[in-house]
Amino acid sequence: MRQIYLDHASTTPVRPEVVEAMAPYFTEHFGNPSSIYPLGQEASDAVAAARESLASLIGATPREIFFSSGGTESDNWALKGFARANATKGRHIITSAIEHHAVLHTCEALEREGFEVTYLPVDEHGLVSVEDFKAAIRPDTILASIMFANNEIGTIEPIRELAAAAHEASVAFHTDAVQAFGHEPIDVNELGIDMLSASSHKIYGPKGVGLLYVRRGVKLQNLLDGGQQERGRRGSTENVPGIVGFARAAELAAEEIVPERDRQLALRDHAIRRILEEIPSAKLNGSWESRLANNVNFSFEFIEGEGMLLQLATRGICVSSGSACTSGSLDPSHVLLAIGLPHEIAHGSLRMTLGRDTTREDVDFAVDSLKATLQNLRMMSPLYEDFQQGKVESVIERFKADGFPYAN
Ligand SMILES: *Cc1c(COP(=O)(O)O)cnc(C)c1O
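Quick note, the sequence shown lines up with residues 1 to 408 if you use UniProt numbering.
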């Protein structure tokens, strides 16, 4: 059966050009970058070239780029490293309610260390208000961390305005740009970003490698004490093939960033329009205007997300839902709850994230399959029947009794 992969926000396949660039660093150029002989120097040169290339893509200098094991590690390092190194100046941090768990759970860990964290609410589109942000800044605020773009609903935050507001109050500004890096043009100076996290496997590079940009002069605790790698901030022998692959993936992304974004944006809007027109009680989650070009996220009333995903999977379509059922938790997504969806609706949500290889045929097939799947599920749903027959009272009673409607 043909597989249609529409889950690029989860991860992406490694591009053949990237595999090719990495291959020699597993074999003939296997040296340790810290070694003095030519084999080591080849590896060291490759890491330096990758650092230079990645730095130039975001308007940074190579000394401001630190390699890590991925987005999660970069977020942990930025927040814990900054908070601990600057605790004498204050212990208050501002973030948003819709951050990735790599930021949210790190903030919770910092709260256990005695830091105070404000989790800013978002509006129904998932946008952080600049006014709310300004109002949350206190004399003891040292750091703000607001994601560039949300991984579930694709909302792009007003980073330039938020960073400017932070700087007015001498607050450092970090952004988790894992979903935006390589997808949206980013210049750290133009936007006023002090720290930025990015990850390779979201941009057709290998898993297990990422970067943290740290503006010159920003004080950060070491992540790993050990050797002199990453200028002594993160000891451990560099992931040379991974770093080389990450840089190659980023260079390739940069070459086509605007045309590829526009291509995906047209496909995204085609999918959104078709779903709104053809599927009853479908609701677009997130902002349509300020949205990643590859993100489609919908809620469907009277539908249970897991049933929907399973049926779509039998048709070869890989997508994800707004609930974390599949990962062992029955809690609906904190992002969907934060934009105001009730629990039972947040459970019936679907995220499709397009990629470089996605065609219009793929999108049409996915929407056709979704239509058929929802018709099936709704036919099986006693609630939907009652609802259609106008027995609203009965629906409400059952909601109260059962929590949220299962399709079967
Ligand atoms: C995927 C993702 C991460 C985690 O990145 P890893 O490289 O998988 O650790 C962090 N933040 C956002 C917004 C993400 O989408």
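Quick reminder that beta carbons are idealized off the backbone N, C-alpha and C, glycines included.
Predicted, not measured: the structure shown is a model, and the values here were computed from it.
Length of the line joining the Cα atoms of residue 18 and residue 49: 15 angstroms
In chain order, each alpha helix (DSSP H) run of at least 4 residues that lies wholly inside the segment 220-247: none
Compute the beta-carbon to beta-carbon distance between residue 339 and residue 285, rounded to the nearest angstrom, for a pair I have assumed lies under 8 angstroms. 6 angstroms
Cutoff 8 angstroms; reference residue 42; Cβ partners in own chain excluding five residues on either side: 29, 31
According to DSSP, is residue 178 helix, strand or coil? coil
Where residue 132 sits in the DSSP three-state scheme: helix
If you pair each beta-carbon of the segment 88-101 with each one of the segment 247-264, do three or more pairs fall below 8 angstroms? no
Nearest-angstrom Cα separation, counted from residue 183 out to residue 261: 7 angstroms
Environment of residue 36 [buried if 16+ CB atoms lie within 10 Å]: exposed
According to DSSP, what are the bridge partners of residue 298? 284, 350
Curious, which full-length alpha helix (DSSP H) runs of at least 4 residues does the segment 76-128 contain? 101-112
Who are the Cβ neighbours of residue 161 in its own chain at under 8 angstroms, not counting the five residues just before and after it? 130
So which of 359, 113, 370 has the shortest CA-CA distance to residue 307? 370
Can you tell me where the beta strand (DSSP E) holding residue 214 begins and where it ends? 210-214
Identify the continuous beta strand (DSSP E) that holds residue 450 and give its terminal residues. What the structure shows of the chain is the stretch from 1 to 408, and residue 450 is not part of that stretch, so it cannot be assessed.
Flag residue 418 as yes when its Cβ comes closer than 6 angstroms to any non-hydrogen atom of ligand 1, and as no otherwise. A query on residue 418 cannot be resolved here, the shown segment of the chain reaching from 1 to 408 and no further.
Looking at the unbroken alpha helix (DSSP H) that takes in residue 290, where does it start and where does it end? Element bounds for residue 290: n/a, residue is neither H nor E.
With hydrogens ignored, establish whether the beta-carbon of residue 72 is closer than 6 angstroms to any heavy atom of ligand 1. yes
Quick check: does the Cβ of residue 210 come within less than 6 angstroms of any heavy atom belonging to ligand 1? yes
In this structure, what does DSSP give as the bridge partners for residue 5? 318
Can you tell me which residues form a DSSP beta bridge with residue 184? 181
Under the three-state DSSP convention, the category residue 345 falls into: helix
Pull up the distance between the alpha-carbon of residue 214 and that of residue 12, whole angstroms please. 26 angstroms
DSSP-derived helix/strand/coil call for residue 147: coil
Does the segment 105-116 come close enough to the segment 261-274 to have 3 or more Cβ pairs within less than 8 angstroms? no
Determine, using beta carbons only, whether residue 170 comes closer than 7 angstroms to chain D. No chain D appears in this structure, which consists of one protein chain only.
Beta-carbon contacts of residue 238 that lie in its chain and below 7 angstroms, excluding the five residues immediately before and after: 33, 47, 67, 229
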